[in-house]
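Please read the structure below before turning to the comments.
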Amino acid sequence: MSSYSSPAIVLRRIDFGDYDLIITFFTSTQGKFSAIAKSAKKSTKRFAGILELFSALNVVYSTGRRKGLPVLQEANLKHPFPSIRTSMLKTAYASYWAELINEWMESGQKQVEIYQLFQYILRKLDSSQASEAALSILFQMKFITLSGLAPNLRQCSVCRIEVENIKETRVQFDFTKGGILCDGCTSKTLQKTFLSKGIIKQLLWIEKGDLVKAVRVRFTSDALRESLEFLETFVPYHLGKEPRSLKFLKQIRKW
Ligand SMILES: [Zn+2]
41 MSSYSSPAIV
51 LRRIDFGDYD
61 LIITFFTSTQ
71 GKFSAIAKSA
81 KKSTKRFAGI
91 LELFSALNVV
101 YSTGRRKGLP
111 VLQEANLKHP
121 FPSIRTSMLK
131 TAYASYWAEL
141 INEWMESGQK
151 QVEIYQLFQY
161 ILRKLDSSQA
171 SEAALSILFQ
181 MKFITLSGLA
191 PNLRQCSVCR
201 IEVENIKETR
211 VQFDFTKGGI
221 LCDGCTSKTL
231 QKTFLSKGII
241 KQLLWIEKGD
251 LVKAVRVRFT
261 SDALRESLEF
271 LETFVPYHLG
281 KEPRSLKFLK
291 QIRKW
């Protein structure tokens, strides 16, 4: 039997029988993996209620020689992020981000930058230092960029003319091509939208800036909405399905 330890964030928790929980962790050293937390449901001493969604922990787990899930041995709470779980809207946003990580990341694949991104965004969400919507723009933009799927917002996807040289103030975005189109290169696809040039500039700023700078980008309420509508279409389009938590988020978000 071998033991490992790592900083981890709780992505998902599922009941397993009467006593146990299966927890999916996102760790800085091992990427995503699931482990069984024995007696976590029944015993208040065992993990003392710290295996809550989005909690940042230090975990110790062991893997046996036989096949099966790793077994959680110890968990120490680092950041409980309590205000996320007491707000339905914050929980809905955090659930969407967690589902993206859970769906997109392969088990056991180390993703340090995405781990740092998730932890940073959860901290900002917990302390209400930025609006939920602005943090979701930041998370999605950085997440898809780190995953190598950033939308092409710099130049026309067909003729490569730079965005600054496109005359229209609202620029077409073609989801099938994953990028913008100039006026001369209109496409017949129905899967397109329009983005204002100002929003394109802000999204590019977020894409290339570090997190501390990116979180300072200020959006008007119209820009927030337009950016979110764009990203919440673009990201599921690449995922190949609409995350369940996104449906819930759209239901409870009042616009
Ligand atoms: Zn073009």
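Here the sequence shown stands for residues 41 to 295, numbered as in the numbering used here.
Built from N, CA and C at the ideal position, the CB exists for glycine as well.
Proximal residues to residue i (C-beta, below 7 angstroms), its chain only, five neighbours per side dropped
| i | result |
| --- | --- |
| Phe-288 | Ala-132 |
Rounded straight-line distance, which links the Cα of residue j to that of residue i
| i | j | result |
| --- | --- | --- |
| Asp-58 | Thr-229 | 51 angstroms |
| Leu-221 | Ser-285 | 31 angstroms |
| Ala-254 | Leu-117 | 28 angstroms |
| Leu-292 | Arg-106 | First, the amino acid is wrong: residue 292 is Ile here, not Leu. Approximately 44 angstroms between the Cα atoms of the pair. |
| Lys-130 | Leu-51 | 15 angstroms |
| Cys-199 | Ala-173 | 33 angstroms |
| His-119 | Tyr-277 | 33 angstroms |
| Ala-96 | Ala-48 | 6 angstroms |
| Ser-46 | Asn-98 | 6 angstroms |
| Ile-201 | Val-211 | 12 angstroms |
Opening and closing residue of the alpha helix (DSSP H) in which residue i lies
| i | result |
| --- | --- |
| Pro-191 | No alpha helix (DSSP H) holds Pro-191; DSSP gives it neither H nor E. |
| Asp-166 | 152-166 |
| Asp-223 | Careful: Asp-223 lies outside any alpha helix (DSSP H) and carries neither H nor E. |
| Val-252 | 251-254 |
| Thr-64 | First-last for Thr-64: 60-67, but that is the beta strand (DSSP E), not the alpha helix (DSSP H). |
| Ser-261 | 261-279 |
Span of the beta strand (DSSP E) around residue i
| i | result |
| --- | --- |
| Gly-238 | Element bounds for Gly-238: not the beta strand (DSSP E) but the alpha helix (DSSP H), 237-248. |
| Arg-210 | 210-214 |
Supposed contact pair residue j and residue i - C-beta distance, whole angstroms, cut 8 angstroms
| i | j | result |
| --- | --- | --- |
| Phe-274 | Phe-215 | 7 angstroms |
| Phe-213 | Thr-233 | 5 angstroms |
| Ala-80 | Leu-91 | 6 angstroms |
Residues near residue i in its chain [Cβ-Cβ closer than 8 angstroms; skip 5 each side]
| i | result |
| --- | --- |
| Leu-109 | Ile-62, Ser-74, Ala-75 and Ile-76 |
| Ser-43 | Val-100, Tyr-101, Ser-102 and Gln-113 |
Residue i: CB within 7 angstroms of a non-hydrogen atom of ligand 2
| i | result |
| --- | --- |
| Ile-62 | As for ligand 2, it is missing from this structure, which binds only ligand 1. |
Close Cβ partners of residue i (< 6 angstroms) along its chain, the five nearest in sequence each way excluded
| i | result |
| --- | --- |
| Leu-244 | Leu-193 |
| Ser-176 | Tyr-133 |
| Leu-157 | Lys-182 |
Which full runs of the alpha helix (DSSP H) of 4+ residues lie inside the segment 72-135, going along the chain? 122-125
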